[in-house]
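Visitor:
Number of protein chains: 2
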Amino acid sequence: MTAGPRMRVLRSPEAVRRQVRAWRAAGERTAFVPTMGYLHDGHLSLVRRARRNADRVAASIFVNPAQFGPREDFGAYPRDLPRDLGLLRSEGVDLCFVPATGRMYPPGHRTEVHVTGLEDVLEGASRPGHFGGVALVVLKLLHVVEPDVLVLGQKDAQQAVILERMIADLDLAVRVARGPIVREPDGLAMSSRNVYLSPEERRAAPVLRRSLVRVERAARNGERSAARLLKLVRDEFAREPRARLDTVAVVDAASLEPLKRLRGRVLVPVAARLGRTRLIDNVEFTVEEDGR
Amino acid sequence: MTAGPRMRVLRSPEAVRRQVRAWRAAGERTAFVPTMGYLHDGHLSLVRRARRNADRVAASIFVNPAQFGPREDFGAYPRDLPRDLGLLRSEGVDLCFVPATGRMYPPGHRTEVHVTGLEDVLEGASRPGHFGGVALVVLKLLHVVEPDVLVLGQKDAQQAVILERMIADLDLAVRVARGPIVREPDGLAMSSRNVYLSPEERRAAPVLRRSLVRVERAARNGERSAARLLKLVRDEFAREPRARLDTVAVVDAASLEPLKRLRGRVLVPVAARLGRTRLIDNVEFTVEEDGR
Numbered sequence: 434m435t436a437g438p439r440m441r442v443l444r445s446p447e448a449v450r451r452q453v454r455a456w457r458a459a460g461e462r463t464a465f466v467p468t469m470g471y472l473h474d475g476h477l478s479l480v481r482r483a484r485r486n487a488d489r490v491a492a493s494i495f496v497n498p499a500q501f502g503p504r505e506d507f508g509a510y511p512r513d514l515p516r517d518l519g520l521l522r523s524e525g526v527d528l529c530f531v532p533a534t535g536r537m538y539p540p541g542h543r544t545e546v547h548v549t550g551l552e553d554v555l556e557g558a559s560r561p562g563h564f565g566g567v568a569l570v571v572l573k574l575l576h577v578v579e580p581d582v583l584v585l586g587q588k589d590a591q592q593a594v595i596l597e598r599m600i601a602d603l604d605l606a607v608r609v610a611r612g613p614i615v616r617e618p619d620g621l622a623m624s625s626r627n628v629y630l631s632p633e634e635r636r637a638a639p640v641l642r643r644s645l646v647r648v649e650r651a652a653r654n655g656e657r658s659a660a661r662l663l664k665l666v667r668d669e670f671a672r673e674p675r676a677r678l679d680t681v682a683v684v685d686a687a688s689l690e691p692l693k694r695l696r697g698r699v700l701v702p703v704a705a706r707l708g709r710t711r712l713i714d715n716v717e718f719t720v721e722e723d724g725r
Numbered sequence: 434m435t436a437g438p439r440m441r442v443l444r445s446p447e448a449v450r451r452q453v454r455a456w457r458a459a460g461e462r463t464a465f466v467p468t469m470g471y472l473h474d475g476h477l478s479l480v481r482r483a484r485r486n487a488d489r490v491a492a493s494i495f496v497n498p499a500q501f502g503p504r505e506d507f508g509a510y511p512r513d514l515p516r517d518l519g520l521l522r523s524e525g526v527d528l529c530f531v532p533a534t535g536r537m538y539p540p541g542h543r544t545e546v547h548v549t550g551l552e553d554v555l556e557g558a559s560r561p562g563h564f565g566g567v568a569l570v571v572l573k574l575l576h577v578v579e580p581d582v583l584v585l586g587q588k589d590a591q592q593a594v595i596l597e598r599m600i601a602d603l604d605l606a607v608r609v610a611r612g613p614i615v616r617e618p619d620g621l622a623m624s625s626r627n628v629y630l631s632p633e634e635r636r637a638a639p640v641l642r643r644s645l646v647r648v649e650r651a652a653r654n655g656e657r658s659a660a661r662l663l664k665l666v667r668d669e670f671a672r673e674p675r676a677r678l679d680t681v682a683v684v685d686a687a688s689l690e691p692l693k694r695l696r697g698r699v700l701v702p703v704a705a706r707l708g709r710t711r712l713i714d715n716v717e718f719t720v721e722e723d724g725r
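Those sequence lines, one after another, are chains A and B. Residue numbers for the first sequence follow my numbering, beginning at 434 and rising by one. Residue numbers for the second sequence follow my numbering, beginning at 434 and rising by one.
Right under this line is the structure:
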């Protein structure tokens, strides 16, 4: 790991805004990668994508309390700031915003953002308040950083849909770029939560990806029934008793509305529990019109 | 009325953003005055305040459907765009944003903003959804215009409190300046809705101001009981049968929480009906500690 000399680590919103505005005044475009830290190759692939999309890369590390439910793992969420900063430096990130929780949510904070209809379905149905908290913190971060490009990961597809909708609805001047899911050699999507898995759970975890590969293959071979695709996923999970399928759906990739027959851009998200750890994955593909 | 040659009337958000960013790149600061049109001297006083606060003045004219309730006067709200543009030109406004409703709220728009606790009290209790709609449109307009200064009128004091809170909570890089209430010679606060008043209602309308003058005078003379101030207002309205007092309160000017005894910065908003027209007014003052 070669540590670049130049990354600025800033805790003050004003200092971040000043720096990005100085870049803009000099004709440089900034891409922004928000993270909750505990970085893995998935995050770093987003940083590399940011580099390709702009002259400057800003990242943030902030474990956002507003997106954790009361029974979720905010306190226990894994953190390793020195390691994270080293990784970002080695990827040539120019600026990393690391705000204190009390600076982002001071006493008296009472503003909420809601992307109605999209935030309460799928993952949102299992995690009330989660996507409202995500929308809020990303809106705040966009106001601090004022980037030209926001880079989001496809792994959190519903999050990306919600944030894209929010950005369009609120007339924000930022373009969104989505980076693809990065996987371990056995297919498990990279996630900060993978560290929670016991060795046995870790061996079972690729079932999420396997079920989605079957879905994608079936669709490519002409299957257009959502019910039959859902059955493929359930069958795959039935063969892996250490994993418990939590939710699976076949939805329109923009409206998140359930499809009966596949058409257009299709998203198939799955969520499953391995022990006490909840993992998510998804596949997104376009179905050609087939006249049926 | 001298028509300045330079005001740009723009319907496209992109064109507005481009212009304000060009000003910023040239080192010029922009102050922004959002309006719903049908301008009166109250609006124009805000424009003059904007001029004093910045190098450039941007205004907007947009009757925002999101802030009207289903039984309110969106369709009938008074409009006179040619006259409004003439007035803004004569005040030396540099840019006026006049978006189409369908551009601000295209099909599929589903994002909401809420300033919880502040938006549901006082005027918000009488007008469910109103302040959420105000917060939403102002946030959108701020994203389009990206001003350095936002100029708001004290006449809509609760609106100003809510927007200041939203701007702080969302880390927006805009300073808020409040302009004082502008009045007719008999004390009636200027409002686009004053045109709805019949001659008789118009003669009765100064009762709002008269009641607030009594409140302010009593507080200056040492009255610290909110209940006794409220009684002064009710008594004043009792003498004017053509006006019906709708709401009156004595609240903290920042939290909008009701006060029993006056302390610190105090806001006294009143709302009253004259026939079918609802008018508002308020007084805000600071109470010195008096040891009681």
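Virtual Cβ for every residue (Gly too), placed ideally from N, Cα, C.
Does any CB atom of chain A fall closer than 8 Å to the CB of residue 544(B)?
Guide: So, interface residue.
Visitor: If you follow the alpha helix (DSSP H) that residue 549(B) is in, where does it begin and where does it stop?
Guide: It is not in any alpha helix (DSSP H) - residue 549(B) carries neither H nor E in the DSSP assignment.
Visitor: Name the chain B residues whose beta carbon is nearer than 8 Å to that of residue 450(A)?
Guide: Residues of chain B passing the Cβ test: 606.
Visitor: Quick one, which residues of the stretch 566-595 of chain B are near chain A if we go by CB-CB under 7 Å, in chain order?
Guide: Per Cβ criterion, the list reads 572, 573, 576, 577.
Visitor: When DSSP builds the beta bridges, which residues end up paired with residue 717(A)?
Guide: DSSP, once it has assigned bridges, lists 700(A) as partnering residue 717(A).
Visitor: Determine the chain A residues that contact residue 547(B) at a beta-carbon separation under 9 Å, and present them in chain order.
Guide: Within 9 Å Cβ-Cβ: 543, 544, 545, 546, 547.
Visitor: With distance defined between alpha-carbon atoms, name the residue in 575(A), 534(A), 597(A), 718(A) nearest to residue 543(B).
Guide: The residue with the shortest Cα to Cα distance from residue 543(B) is 597(A).
Visitor: Going by DSSP in three states, residue 532(A) sits in which element: helix, strand or coil?
Guide: Residue state, collapsed to three classes: coil.
Visitor: Under 8 Å by Cβ, that's how I've got residue 532(B) and residue 667(B) pegged, so tell me the actual separation to the nearest angstrom.
Guide: Not really, about 42 Å apart at Cβ, beyond 8 Å.
Visitor: Note down, in chain order, each residue of its chain lying with its Cβ closer than 7 Å to the Cβ of residue 434(B), except the 5 sequence neighbours on either side.
Guide: Interpretation of residue 434(B) is limited by its pLDDT of 44, a score under 50 that renders its predicted location unreliable; no figure is taken from the coordinates.
Visitor: What is the residue span of the beta strand (DSSP E) that residue 465(B) lies within?
Guide: From DSSP, the beta strand (DSSP E) with residue 465(B) extends over 463-468.
Visitor: Could you tell me which chain B residues have their CB closer than 7 Å to the CB of residue 603(A), listed as they occur along the chain?
Guide: Simply 544, 572, 573, 576.
Visitor: Under three-state DSSP, which class holds residue 632(A)?
Guide: Residue 632(A) falls in the helix class under three-state DSSP.
Visitor: Grab me the residues of residue 564(A)'s own chain with a C-beta within less than 6 Å of its C-beta, minus the 5 sequence neighbours each way, in chain order.
Guide: Only 552, 557, 595 meet the Cβ criterion.
Visitor: Let's test the definition: count the other Cβ atoms within 10 Å of the Cβ of residue 467(B) and tell me whether it reaches 16, buried, or not, exposed.
Guide: Under this definition residue 467(B) is a buried residue.
Visitor: Kindly confirm or deny that the stretch 570-580 of chain B and the stretch 682-695 of chain B touch, where touching means at least three C-beta pairs closer than 8 Å.
Guide: Result no; under three Cβ-Cβ pairs closer than 8 Å.
Visitor: When the cut-off is 8 Å and only beta carbons count, does residue 446(B) lie next to chain A?
Guide: Yes - at least one Cβ of chain A is within 8 Å of the one on residue 446(B).
Visitor: Against chain B, which members of the stretch 456-470 of chain A pass a CB distance test of less than 9 Å?
Guide: Against chain B - using a Cβ distance shorter than 9 Å - the residues of the stretch 456-470 of chain A are 457, 458.
Visitor: Spatial neighbours of residue 512(B) within its chain, please: C-beta separation below 7 Å, excluding the five flanking residues on both sides.
Guide: Excluding residues within five positions, the ones whose Cβ falls inside 7 Å are 470, 471, 496.
Visitor: Mapping the DSSP letters down to three states, classify residue 448(B) as helix, strand or coil.
Guide: Helix at residue 448(B).
Visitor: Does the distance from the C-beta atom of residue 560(A) to that of residue 502(A) stay below 8 Å?
Guide: Their beta carbons are under 8 Å apart, which means residue 560(A) touches residue 502(A) by this criterion.
Visitor: Starting from residue 570(A), trace the alpha helix (DSSP H) both ways and give me its first and last residue.
Guide: From DSSP, the alpha helix (DSSP H) with residue 570(A) extends over 563-578.
Visitor: Would you mind giving the Cβ-Cβ distance between residue 612(A) and residue 482(A), rounded to the nearest angstrom? I have them listed as a contact below 8 Å.
Guide: Yes, they are in contact, since the Cβ atoms of residue 612(A) and residue 482(A) sit about 5 Å apart, within 8 Å.
Visitor: Just curious, the beta strand (DSSP E) that residue 442(B) is in, first and last residue?
Guide: Run containing residue 442(B): 441-443, per the beta strand (DSSP E) assignment.
Visitor: Report the partner residues of residue 684(A) according to the DSSP bridge assignment.
Guide: Beta-bridge pairing links residue 684(A) to 691(A), 700(A).
Visitor: If you measure from the beta carbon of residue 735(A) to each beta carbon in chain B, is any gap under 8 Å?
Guide: Residue 735(A) is absent from the model: chain A starts at 434 and stops at 725.
Visitor: Can you pull out the residues from the stretch 501-517 of chain A whose beta carbon lies closer than 7 Å to at least one beta carbon of chain B?
Guide: Of all residues in the stretch 501-517 of chain A, none has a Cβ within less than 7 Å of some Cβ in chain B.
Visitor: Here's the rule I'm using: 16 or more other beta-carbon atoms within 10 Å means buried, otherwise exposed. How should residue 446(B) be labelled?
Guide: Label assigned to residue 446(B): buried.
Visitor: Are any of the Cβ atoms in chain A nearer than 8 Å to that of residue 550(B)?
Guide: Closer than 8 Å: yes.
Visitor: Among 494(A), 521(A), 459(A), 454(A), whose alpha-carbon lies nearest the alpha-carbon of residue 484(A)?
Guide: Looking at the Cα atoms, 521(A) is the closest of the given residues.
Visitor: Considering only the alpha carbon of each residue, which of 661(B), 528(B), 547(B), 474(B) lies closest to residue 625(B)?
Guide: Comparing Cα-Cα distances from residue 625(B) to each of 661(B), 528(B), 547(B), 474(B), the minimum goes to 474(B).
Visitor: Report the neighbours of residue 698(B) on chain A: residues whose CB is nearer than 8 Å to its CB, in chain order.
Guide: Here the premise fails: no neighbours, minimum Cβ distance about 15 Å.
Visitor: State the Cα-Cα distance for the pair residue 566(B) and residue 605(B), rounded to the nearest angstrom.
Guide: If you take the alpha carbons of residue 566(B) and residue 605(B), they lie about 18 Å apart.
Visitor: Taking the runs of the alpha helix (DSSP H) that are 4 residues or longer, which of them lie wholly in the stretch 602-660 of chain A?
Guide: Qualifying alpha helix (DSSP H) stretches, in chain order: 632-637, 640-653.
Visitor: If you measure from the beta carbon of residue 598(B) to each beta carbon in chain A, is any gap under 8 Å?
Guide: So, interface residue.
Visitor: Pick from 591(A), 590(A), 571(A), 589(A): whose alpha carbon is nearest that of residue 583(A)?
Guide: Measuring from the Cα of residue 583(A), the nearest candidate turns out to be 571(A).
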